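Encoded as structure tokens, the structure appears first; notes follow it.
Residue numbers (my numbering): 1 to 133.
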């Protein structure tokens, strides 16, 4: 029971930090040109890279405790990334008549997020193979 509470606390603390970071990035990118929601696109790309990197590194050279994985992946990365805001933004774009922009946003987002997760896991695998110096 005690371990479960500590795991919940790790996810909650990480989520709070990740959500605050997401908000700050979104504010910073709010005025980006082009009509796309660049903040959400960016945080989800960065989060995908981070999740892939952390997962690969923790499975290899730098093993993490399950609690630290919960804090970093489930908490920080989970709080930083957001699918719900992405969904609302797609519906808002489509509802305002920008169906082409909504479809572009969907395609660009999913492609970049998958590429980001691949990049993160590839970087982690490369780092795991490097000899110690």
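Heads up, the beta-carbon is just placed ideally off N, CA and C, and yes, glycines get one too. Since the model is a prediction, treat every value here as computed from it, not as a measurement.
Query, Result
"Cβ contact (3+ pairs, closer than 8 angstroms) linking the region 39-47 and the region 6-25", "yes"
"Where residue 68 sits in the DSSP three-state scheme", "helix"
"Whether residue 29 touches residue 120 by CB criterion (8 angstroms)", "no"
"Which listed residue (80, 101 and 75) has its alpha carbon closest to that of residue 13", "75"
"Contacting residues, own chain, Cβ-Cβ under 8 angstroms from residue 114 (five flanking each side not counted)", "48"
"Within the region 61-118, ranges of the alpha helix (DSSP H) (whole runs, at least 4 residues)", "66-69 and 84-95"
"Residue 20, DSSP secondary structure in three states", "helix"
"Reduced DSSP secondary structure (H/G/I, E/B, other) of residue 129", "helix"
"Beta-carbon gap between residue 71 and residue 25 smaller than 8 angstroms", "no"
"Euclidean distance between Cα positions of residue 81 and residue 61", "25 angstroms"
"Between the CA atoms of residue 89 and residue 37 - distance to the nearest angstrom", "7 angstroms"
"Own chain, CB closer than 7 angstroms to residue 85, minus 5 neighbours either side, in chain order", "40"
"Reference residue 4, options 107, 67, 110 and 98, closest by Cα", "67"
"Given residue 106 as reference, the closest of 125, 124, 8 and 83 once Cα atoms are compared", "83"
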